[in-house]
Amino acid sequence: MVSVVTDSIDVENILRATERSTQVEKEVPVTLDVGSLVACDIAAISSNFHENQEKYLLDLTRDNVQILFNSIFSLPTCIVEKMKCVQLPNPTTRLPREKPIPKPKLPTKWEAFAKKKGIQKKKRGRMIWDEIAKEWRPRFGYKRAGSDKEQNWVVEIPKNADPYKDYIADKENKKKDKSDKNELQRLQNIARRNPNVKAKSEEISQIVKQAHTSTASLGRFTNTVKNEKKAKAKGKHKKFEPVIGNVVEEKEKSLKLINKITKKSVTVNKDLAANRELGATIKRQREEEKQKKKSGRRSKAGTKPQGKHFDKKKGKVSGPPKKKLKQ
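This is the structure we're talking about:
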């Protein structure tokens, strides 16, 4: 709800000075939304609009605002901190939304299990008591409780177990496997939450492989989860033969090549040979036609002199000059 604060103003005296009344009557009623403080006037524009547009718009705005305030002052009032207030009703105008309403996210497997069993999430304290160091230390991060190396210098070996096994390294490997498993479950939850993307087990394993091979060593030293399936490498892989090595295969290839070159019975593709000969004949004919056209042309220097003719510019008969005979 929205509250409108109004001070004690003598409105009647102000209106008397301007000779205006608080009661406004209109032929077409104004549509009001007091909750949003909106007034819509759908009446047609009168003929006085073109005479003085500014005065007409000011009078129209004043009347509509007066109707809106009359409806506000008709609401029940109350005193809040020595000020007079009114409680606005709920708005009726539906304003457009810029973006669609976000869809609720699907719960993860743990969230669904906790809701089914009634498990509530409790916020644990950041600091815990370290029994060995005898002081309060953070649960996670730098100098966390139980992070001293001297605490793990001895490990209890269970009964009927291999005494020569490195249990400290085994503990670290289990911790890494657990983190990898959590990452895999996180990717599966993302795939479940997005209904448009149907991630298969092969796709998830491919994503996990990309995450493993994104290290500086290209996944050479990345530990894998227990019973994790190896992702199939997609694409064509060209097999390169060794430069030096199998002499027998190299000898057989060389002999096949020599036999193919020196073979007497050679297979000829008749269609290919006929097409090539036909193409060569057509090309030869075109070149001969071009040469004939070039030889048939006469240059300007080789043209015969024209005889007598009537020149329109000079307006008289003109022709080549007469050759003078040598005596």
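For reference, each letter of the sequence shown is one residue, going 38 to 364 in this note's numbering. Backbone N, C-alpha and C define an ideal beta-carbon position, used for all residues, glycine too.
Taking the beta strand (DSSP E) that residue i belongs to, which residues open and close that run?
| i | result |
| --- | --- |
| V102 | Careful: V102 lies outside any beta strand (DSSP E), inside the alpha helix (DSSP H) at 90 to 110. |
| A76 | 75 to 77 |
| L69 | 68 to 70 |
| D167 | 164 to 167 |
| W190 | Taken as a continuous stretch (DSSP letters only), W190 belongs to no beta strand (DSSP E), as it is neither H nor E. |
| E172 | 172 to 175 |
Just tell me which of the options has its CA closest to the CA of residue i.
| i | options | result |
| --- | --- | --- |
| I109 | I138, G72, L95, P139 | G72 |
| K208 | V192, K152, E286, L221 | V192 |
| I104 | P66, D308, Q124, L309 | P66 |
| I244 | P139, T130, D217 | D217 |
| I79 | N219, K92, K63 | K63 |
| A182 | I165, A151, A198 | I165 |
| R131 | K152, V75, K153, E88 | V75 |
| W147 | R223, A311, K329 | R223 |
| T259 | F277, K275, N210, L292 | N210 |
| Q60 | F106, P133, W190 | F106 |
If contacts are defined as beta-carbon pairs under 8 Å, then residue i and residue j qualify, I think. What distance do you get, rounded to the angstrom?
| i | j | result |
| --- | --- | --- |
| R176 | R161 | 7 Å |
| P113 | V102 | Wrong, their Cβ atoms sit about 21 Å apart, outside the cutoff. |
| K142 | R230 | 5 Å |
| D70 | T129 | 5 Å |
What are the boundary residues of the alpha helix (DSSP H) that residue i is part of?
| i | result |
| --- | --- |
| E209 | 204 to 230 |
| E289 | 284 to 299 |
Would you mind sorting residue i into buried or exposed? The rule is 16 or more other CB atoms within 10 Å of its CB.
| i | result |
| --- | --- |
| A253 | exposed |
| K119 | exposed |
| K246 | buried |
- Task: At 3 residues or longer, and completely inside the stretch 107 to 149: list those beta strand (DSSP E) runs for me, N to C.
- Result: 114 to 117, 120 to 124
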